[in-house]
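These notes are about the structure you will find just below.
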Amino acid sequence: MRYVKRKELILIVTLFLLLQVILQIFNVRLVTQINSVFWILIIYYLYRNSKNNYTRLSSRFYLDKMVIISILYILIYFNLGFVFGFSKSHFSHTFSGILSNFFEIIIPIIGIEYFRNIVINKNRSNKLIIWLVTIILILFEIKFNMLLSNFDNKEQFFKYICSIIFPLIANSILYSYLTLKGPCIIVLVFRLLERVSILLLPIVPSLDWFMTGALGIITPVLIYLLIKYKLSKQEAYYKGRTGKKDFNKVSYVIAITLSVFVVSFMLGLFKYEPIAILSDSMVPTYSRGDIVVYEKLSSEELKNIRVGEIIVYKIGNQNIAHRIINVDKGLGSVFYQTMGDNNNDPDLRKVTPDQIMGVYVFSMRYIGFPSVWLNDYFSEEKAKVETK
Amino acid sequence: MKNGKNILIAGLLVAIMVMSVGYAAFASQLNLNGTTTIDGEWDVEITAIKASNVTGDAVAGTPSYTASTATFNATLKKPGDAITYTVTVENKGNIDAKLNDTVFTEGANGSPAIVYTHTDPAATLAAGDSTTFTVTTTYDASYTETPAITTKTITGLIEYVQAD
């Protein structure tokens, strides 16, 4: 009897999901409100019909850890603003604004997590149901109207997928894992602290799409590893020496350190930064598809650039890495004449010191090709738009 | 006792957070830029810019845009030349927006011969809607000779926030 009820519930939620996807394309405002009402009904229904709260292991143990992890995460997130700059929050801070955000954003989160908790904890051993619920809830949280409105511009679409959809998938899988291991309150603590602080604080760090995506993917992986590590320690404690060691700390530490390093490197947080080479103008030093790593220079170091060095500079939206063949020193101004090793003529426009991003250090073969292909793909799209 | 310790840790962390954010909000040297951050709910962005009206011998360069900036280059050859650019702003998110601020500032050392006017985008922008505003640059018709400086930079900030 109980099983039928659960099945029906999943069916209702799935049907509503389909309805929501269709509705989203027509009227956004209405959908967010219907969505909230729907989740209030689900919360009420689940509350009335489920007596036992499954709590495995120590829920207190989890709650303490999760509160600290959440606060640490929020701290790190907001302090990233000191690196990337802050921008004013676009969320309303009037009483009615806060109330409507609570209704339209917070209520569905509570509903989703409560639903996840009930279904997963009643099907602990059924992996299929757990994955199914996770996928349904991922689809629930994807804003299909926003996804579709970005669809006509390939570049925007790519950025949207990377910064919103990938983190959403990673997070949802983490939430299911946490729910499997403990009560839903720990997921709610994390999600609500994060959402509420973003909704209420007057300024937010202005992270670009890459940082938003990287943070959104690395954070859930990190939390997953942390909880898994704590659990394996706890289990080893209970099992004593016979407990098998299934958590390879070293490899995880290496993986995390490496991904944090790669992200920081790509973002240009270090003195060295990479760019992908789009043309063959510098063959044989480096060619299309290579990665050139350049060293960023201070205004003092800029003065020491000599003829023969390869500089990376920016003209408009384009990054170019060519060799200096001449330096013109005029009245208080310096111009660098550049040329590609493989070109017959010098570059048309001379480079001014403020356009220089850095000086070539070394290059790596072929690993820039994915970036080059993506760039080709996006610029094709741009060319199409411009010629329209 | 353990519970009390945890509350203390949590309280301290919250205090640090509030302080650091507060510091950021009030520090005068901090540059608060109005760019929209990507968010799961909010997405108001520029989606097009095009030259809509060309007067005289003016030549419209190819305009470009990102989600939060629109850039154009116009060549005005003689007094009376003018170009109007139309910028489209779209609310792709799920939250209704209202216009909070429109600030147009001229860069230093711009040519006095170049004048500009602009219209404002819609005061409210419901989720799913779009609006346009125009910027017109004109070579002042009262100038009879070529001025010493022939360029000017104009920066416009269009800030949308959540409508109550």
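Going down the list, the sequences are from chains W and B.
Counting in our numbering, the first sequence runs from 1 upward without gaps.
Counting in our numbering, the second sequence runs from 1001 upward without gaps.
Idealized CB from N, CA, C, for every residue including glycine.
Residues Ile-136 of the same chain have their beta carbon placed closer than 8 Å to that of Thr-14 of chain W, with the five preceding and five following residues left out of the count.
Residues of chain B whose Cβ lies closer than 7 Å to the Cβ of Gly-97 of chain W are, in chain order, Gln-1162 and Asp-1164. Per the coordinates, the alpha-carbon of Leu-174 of chain W lies some 21 Å from the alpha-carbon of Val-250 of chain W. Distance check between Thr-1084 of chain B and each of B:Ala-1051, B:Gly-1093, B:Gly-1110 and B:Lys-1078 places B:Ala-1051 closest, using alpha-carbon atoms only.
When the five nearest sequence neighbours on each side are left out, the beta carbons in the same chain lying within less than 6 Å of the beta carbon of Thr-1071 of chain B are those of Ser-1064, in order along the chain.
Straight through space, the alpha carbons of Ile-320 of chain W and Tyr-313 of chain W are spaced by roughly 5 Å. Within the region 127-147 of chain W, the residues whose Cβ lies closer than 8 Å to some Cβ of chain B are Glu-141, Lys-143, Asn-145 and Met-146, listed in chain order. Residue pairing by DSSP places Pro-274 of chain W opposite W:Val-293 in a beta bridge. Secondary structure note for Tyr-366 of chain W: it is in no alpha helix (DSSP H), with a DSSP letter that is neither H nor E. Beyond the five residues adjoining it in sequence on each side, Phe-265 of chain W comes within less than 8 Å, by CB distance, of Tyr-272, Glu-273 and Pro-274 in the same chain, given in chain order. The C-beta separation of Ile-1149 of chain B from Glu-1106 of chain B comes to about 12 Å, leaving the pair out of contact by the 8 Å criterion. As a beta-bridge residue in DSSP terms, Asn-326 of chain W pairs with W:Gln-337. Contact between the region 93-107 of chain W and the region 120-130 of chain W is absent, with fewer than three C-beta pairs closer than 8 Å. Under the 8 Å Cβ criterion, the region 141-151 of chain W counts as touching the region 11-25 of chain W, having at least three qualifying pairs.
Between Tyr-336 of chain W and Ile-310 of chain W, the gap from beta carbon to beta carbon reaches 8 Å or more.
In this structure, the alpha-carbon of Ile-1046 of chain B lies about 9 Å from that of Thr-1132 of chain B. By the Cβ rule, the region 1078-1092 of chain B counts as touching the region 1123-1141 of chain B, because three or more pairs are nearer than 8 Å. Rounded to whole angstroms, the Cβ separation of Asn-342 of chain W and Asp-290 of chain W is 13 Å, and the two are not in contact under 8 Å. Non-local C-beta neighbours of Glu-8 of chain W in its own chain, meaning closer than 6 Å and more than five positions away in sequence, are absent. Contact annotation: the region 292-301 of chain W touches the region 352-366 of chain W, with at least three C-beta pairs closer than 8 Å. Proximity of His-322 of chain W to chain B, defined by a Cβ-Cβ separation below 8 Å, is not satisfied. Within its own chain, the residues whose Cβ lies closer than 7 Å to the Cβ of Gly-213 of chain W, once the five positions on either side in sequence are excluded, are Cys-162, Ser-163, Phe-166 and Pro-167, listed in chain order. Contact with chain B is found for Thr-94 of chain W, since one of that chain's Cβ atoms lies less than 8 Å from the residue's Cβ.
Residue contact check for Lys-1077 of chain B against chain W: no CB pair falls below 8 Å.
Under a 10 Å Cβ-count criterion, Glu-1145 of chain B is classified as exposed, with fewer than 16 other Cβ atoms of the shown protein chains found around its own Cβ.
Nearest neighbour of Ala-1060 of chain B by Cα position, chosen from B:Ser-1068, B:Ala-1074, B:Asn-1053 and B:Thr-1069, turns out to be B:Ala-1074. In the DSSP secondary-structure assignment, Tyr-360 of chain W is bridged to W:Tyr-294. Counting other Cβ atoms within 10 Å of its Cβ, Pro-108 of chain W reaches 16 or more and is therefore classed as buried. The Cβ of Asp-1057 of chain B sits no closer than 8 Å to any Cβ of chain W.
Across the structure, Tyr-224 of chain W and Ile-110 of chain W are spaced so that their CA atoms are roughly 21 Å apart. Think of a sphere of 7 Å around the beta carbon of Ser-149 of chain W: the chain B residues whose beta carbon falls inside it are Lys-1092, in chain order. Residues of chain B with a Cβ closer than 8 Å to the Cβ of Ile-105 of chain W are, in chain order, Glu-1041. The C-beta of Gly-1061 of chain B comes no closer than 8 Å to any C-beta of chain W. Taking 8 Å as the cut-off, the Cβ atoms of Leu-1125 of chain B and Ala-1097 of chain B count as close.
For Gly-1128 of chain B, at least one C-beta of chain W is nearer than 8 Å to its own C-beta. CA-to-CA, the gap between Leu-199 of chain W and Met-282 of chain W works out to about 49 Å.
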